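> If you read the protein sequences in the order shown, they are chains A and B. Each residue of the first sequence is one higher than the one before, counting from 1 in my numbering. Each residue of the second sequence is one higher than the one before, counting from 225 in my numbering. Can you keep this structure in mind? I'll have questions shortly.
Number of protein chains: 2
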Amino acid sequence: MKASAANHSMSPQQARAPTKAGVRRQPDLTRQQLLQCAFDEIHRSGFRAASLDAILESSGVTKGALYHHFGSKTALGYAVVDEVVRPWVEALWKPILEAGNVIDAALALCRELARARSEQALQYGCPFNNLINEMSPLDRGFRERLQHILHDWHEGVIVGIRRGQANGSVRKDVDAEQVSALIISTAEGSVGLAKAKQSPAFFDAAMRGLEAYLESLRPLRAAP
Amino acid sequence: MKASAANHSMSPQQARAPTKAGVRRQPDLTRQQLLQCAFDEIHRSGFRAASLDAILESSGVTKGALYHHFGSKTALGYAVVDEVVRPWVEALWKPILEAGNVIDAALALCRELARARSEQALQYGCPFNNLINEMSPLDRGFRERLQHILHDWHEGVIVGIRRGQANGSVRKDVDAEQVSALIISTAEGSVGLAKAKQSPAFFDAAMRGLEAYLESLRPLRAAP
DNA sequence: ACAACGACATACTAGGCGGTATGTAATCGG
DNA sequence: CCGATTACATACCGCCTAGTATGTCGTTGT
Numbered sequence: 001m002k003a004s005a006a007n008h009s010m011s012p013q014q015a016r017a018p019t020k021a022g023v024r025r026q027p028d029l030t031r032q033q034l035l036q037c038a039f040d041e042i043h044r045s046g047f048r049a050a051s052l053d054a055i056l057e058s059s060g061v062t063k064g065a066l067y068h069h070f071g072s073k074t075a076l077g078y079a080v081v082d083e084v085v086r087p088w089v090e091a092l093w094k095p096i097l098e099a100g101n102v103i104d105a106a107l108a109l110c111r112e113l114a115r116a117r118s119e120q121a122l123q124y125g126c127p128f129n130n131l132i133n134e135m136s137p138l139d140r141g142f143r144e145r146l147q148h149i150l151h152d153w154h155e156g157v158i159v160g161i162r163r164g165q166a167n168g169s170v171r172k173d174v175d176a177e178q179v180s181a182l183i184i185s186t187a188e189g190s191v192g193l194a195k196a197k198q199s200p201a202f203f204d205a206a207m208r209g210l211e212a213y214l215e216s217l218r219p220l221r222a223a224p
Numbered sequence: 225m226k227a228s229a230a231n232h233s234m235s236p237q238q239a240r241a242p243t244k245a246g247v248r249r250q251p252d253l254t255r256q257q258l259l260q261c262a263f264d265e266i267h268r269s270g271f272r273a274a275s276l277d278a279i280l281e282s283s284g285v286t287k288g289a290l291y292h293h294f295g296s297k298t299a300l301g302y303a304v305v306d307e308v309v310r311p312w313v314e315a316l317w318k319p320i321l322e323a324g325n326v327i328d329a330a331l332a333l334c335r336e337l338a339r340a341r342s343e344q345a346l347q348y349g350c351p352f353n354n355l356i357n358e359m360s361p362l363d364r365g366f367r368e369r370l371q372h373i374l375h376d377w378h379e380g381v382i383v384g385i386r387r388g389q390a391n392g393s394v395r396k397d398v399d400a401e402q403v404s405a406l407i408i409s410t411a412e413g414s415v416g417l418a419k420a421k422q423s424p425a426f427f428d429a430a431m432r433g434l435e436a437y438l439e440s441l442r443p444l445r446a447a448p
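Structure, rendered in structure tokens:
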């Protein structure tokens with residue numbers, strides 16, 4: 001949902017020195033640069049249309065180096081999912097589990113997302129959702145990895161809701177699994193559809209709707 | 225959401241006669257076959273990865289014929305959106321507007337979708353959502369067409385909800401625009417995410433959650 | 001110091017892609 | 001019946017892409 005990736009990015013060409021003679025080698029850094037630039041390129045173009053040459057140019061790495069670190073484009077894609085996409089997704093929802101009141105935490109995230117919606121995020125959407133849509137039907141390796149990330153997310157939210165039901169911050173007459181699936185679907189669906197509109201109006205409306213839904217999950221104790 | 229397209233499909237090769245000599249020409253039919261086969265191929269592979277040769281083979285049409293009817297691959301894609309995707313999406317939601325009770329009609333559609341979820345639909349997702357995710361950031365022509373379809377859908381549901389509020393079948397204290405955005409986001413989001421899971425469990429949970437949400441939109445007249 | 005291995009760099013290849021040039025047969029207006 | 005035009009069919013082209021072969025230079029263990 002967030003733009004991200006912009007954080008790490010650097011002016012592409014200065015990423016690494018003019019090479020050629022007497023350069024210090026930093027295989028770990030090279031690998032990280034490849035992963036990050038690949039993530040950005042995949043975010044913009046999708047995995048299949050992501051050009052290795054473009055990744056090479058933006059990272060300042062050569063083809064020989066790439067194929068030294070990754071056996072194939074597919075292997076690079078898997079590594080991006082495992083080492084960039086997964087931590088990125090988990091950083092989004094895991095904090096909510098730690099919060100005392102799940103609904104408050106979720107509402108805060110909604111508002112944060114609605115506020116921080118960058119041009120880039122609205123245009124290119126959620127990298128996780130993009131990859132699911134593009135690659136899940138086509139490649140088992142992608143599907144299993146993405147499925148695992150989604151599974152953890154889904155189960156995590158379920159646990160959070162159940163905990164809320166236990167400590168009295170969430171209504172007890174709702175089905176945690178259904179609520180979790182609805183929340184996640186709405187979140188990913190709205191960023192996806194926002195790509196069609198050039199304005200954030202639709203996304204904002206969906207977020208406001210989701211906020212109202214979250215409010216409705218609070219236990220109604222009118223008279224104490 | 226629905227598998228669709230399977231309806232029209234025919235055994236690819238027998239689609240048209242062995243051609244060669246003395247064939248009747250049917251330009252309209254040829255065009256329709258191209259559109260339908262292109263829709264199927266795009267549904268499976270996405271637009272950019274859709275191979276013209278594959279479309280040609282499945283439709284039994286030659287490249288010369290294709291470029292006679294459509295000036296480019298992009299033009300073919302636009303025509304698919306205008307003449308196949310748009311009617312397909314509208315056929316899904318327009319009936320709901322005609323119903324007396326919107327909530328009942330929407331619930332019926334939810335259950336219908338959850339029941340009719342075919343292998344293909346779960347695997348390849350919603351053609352409309354797929355195209356938005358893939359092409360909206362990349363091509364203005366696609367974006368404007370898809371945006372228009374989404375806009376009509378969104379506005380249509382808003383009108384339906386307002387009408388429901390007017391005739392007393394929907395609570396008056398909800399914001400129609402937000403509710404519409406949430407419903408559509410959830411629907412498209414859940415089919416999208418279902419592609420990651422190979423099982424329909426997540427999609428079903430989201431649908432049940434949406435049903436519960438729709439129920440909550442009914443006016444609560446406990447004691448008449 | 002030197003060998004061996006790791007970390008790159010460069011040049012090249014094969015295949016698939018959208019698109020085009022050109023030919024030919026059916027259809028149609030007069 | 002006859003040109004003109006529509007509706008195809010076939011062969012080909014140039015580009016871009018993932019991938020590879022091979023060479024070279026740092027780095028490291030002994």
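Don't be surprised by glycine CBs; every beta carbon is placed ideally from N, CA and C. The model shown is predicted, which means the values in this text are computed figures rather than measured ones.
If distances are taken between C-alpha atoms only, which option among His-68/A, Glu-155/A, Ala-196/A comes closest to Ala-176/A?
If we check each option's Cα against that of Ala-176/A, Glu-155/A comes out closest.
> Taking Cβ-Cβ distances shorter than 8 angstroms, what residues in chain B pair up with Gln-178/A?
Here the neighbours are Ala-429, Ala-430, Arg-432, Gly-433, Ala-436.
> For the alpha helix (DSSP H) holding Ala-449/B, just list the boundary residues, first then last.
This structure leaves residue 449/B out entirely; chain B is present only between 225 and 448.
> Determine, for Thr-410/B, whether the minimum Cβ-Cβ distance to residues of chain A falls below 9 angstroms.
yes
> Does Gln-371/B have its Cβ less than 9 angstroms from a Cβ in chain A?
yes
> Quick one: give me the first and last residue of the alpha helix (DSSP H) that Gln-165/A is part of.
140-166
> Determine the closest residue to Ser-58/A out of Ser-169/A, Ala-201/A, Gln-36/A, Arg-48/A, with distance taken between C-alpha atoms.
With respect to the C-alpha of Ser-58/A, the residue from Ser-169/A, Ala-201/A, Gln-36/A, Arg-48/A having the closest C-alpha is Gln-36/A.
> My output table needs one value for Gly-189/A: the three-state DSSP class, helix, strand or coil.
helix
> Closest by CA to Gln-347/B, which one among Ser-440/B, Asp-397/B, Ser-423/B?
Ser-423/B
> Give me the residue from Ala-274/B, Asn-325/B, Phe-271/B, Lys-421/B with the minimum Cα distance to Asn-391/B.
Asn-325/B
> Quick one: using the 10 Å Cβ neighbour count with 16 as the cut-off for buried, is Ser-72/A buried or exposed?
exposed
> Are there 16 or more other CB atoms within 10 angstroms of the CB of Ser-136/A, so buried, or fewer, so exposed?
buried
> Which value, in whole angstroms, describes the spacing of the CA atoms of Leu-355/B and Gly-270/B?
7 angstroms
> Give me, in chain order, the residues of the same chain whose beta-carbon lies closer than 8 angstroms to that of Cys-334/B; leave out the 5 immediate sequence neighbours on both sides.
Met-431, Leu-434, Glu-435, Leu-438
> Would you say Ala-21/A faces chain B, with C-beta separation under 9 angstroms as the test?
Here Ala-21/A scores only 47 on pLDDT, less than 50, and its place in the model should not be relied on; the value that follows carries that caveat. So no, Ala-21/A is outside the interface.
> Helix or strand or just coil, what does DSSP make of Val-326/B?
The three-state secondary structure of Val-326/B, taken from DSSP, is helix.
> Report yes or no: do the region 189-197 of chain A and the region 68-87 of chain A share at least 3 C-beta pairs separated by less than 8 angstroms?
no
> For the alpha helix (DSSP H) that Thr-298/B lies in, which residues bound it at each end?
297-304
> Is the beta carbon of Ile-373/B less than 9 angstroms from the beta carbon of Arg-310/B?
Yes, these two residues count as a Cβ contact at 9 angstroms.
> Quick one: using the 10 Å Cβ neighbour count with 16 as the cut-off for buried, is Glu-112/A buried or exposed?
exposed
> Closer than 7 angstroms by beta-carbon distance: list the chain A residues that pair up with Pro-361/B, in chain order.
Gln-123, Tyr-124, Lys-195
> Where does Ala-21/A sit, in a helix, a strand or coil, going by DSSP?
Note on Ala-21/A: pLDDT 47, under 50, position unreliable in the model; the coordinate value appears next. Looking at Ala-21/A - three-state DSSP - the assignment turns out to be coil, as it is neither helix nor strand.
> Anything in chain A within Cβ reach of Phe-327/B, meaning under 9 angstroms, just list it in chain order.
The question names Phe, but residue 327/B is Ile in the sequence shown. Near Ile-327/B there are no residues of chain A at all, since even the closest Cβ is about 16 angstroms away, more than 9 angstroms.
> Which residues in chain A have a C-beta closer than 7 angstroms to the C-beta of Phe-426/B? List them in chain order.
His-154, Ala-181
> Any beta carbon from chain A within less than 9 angstroms of Ser-440/B's own beta carbon?
Yes, its Cβ sits closer than 9 angstroms to a Cβ of chain A.
> Could you pull the start and end residues of the alpha helix (DSSP H) that Ala-393/B belongs to?
Residue identity check: residue 393/B is Ser in the sequence provided, not Ala. That residue, Ser-393/B, is in no alpha helix (DSSP H); it is neither H nor E in DSSP.
> For the alpha helix (DSSP H) containing Ala-289/B, name the first residue and the last one.
287-293
> Using the Cβ count rule (16 or more neighbours within 10 Å means buried), how would you classify Leu-253/B?
exposed
> Taking Cβ positions only, does Val-308/B come closer than 9 angstroms to chain A?
no
> In terms of residue numbering, what span does the alpha helix (DSSP H) encompassing Arg-208/A cover?
201-215
> Taking the continuous alpha helix (DSSP H) assigned at His-253/B, which residues delimit it?
In the sequence under discussion, the amino acid at residue 253/B is Leu, which differs from the His named in the question. Note, Leu-253/B: alpha helix (DSSP H), 251-269.
> Taking just the CA atoms, how far does Leu-34/A sit from Ala-315/B?
45 angstroms
> Closest to Ser-51/A by C-alpha separation, out of Ala-108/A, Glu-134/A, Ala-38/A, Val-61/A, would be which residue?
Ala-38/A
> Between the alpha carbons of Arg-218/A and Ser-404/B, how many angstroms are there, rounded?
22 angstroms
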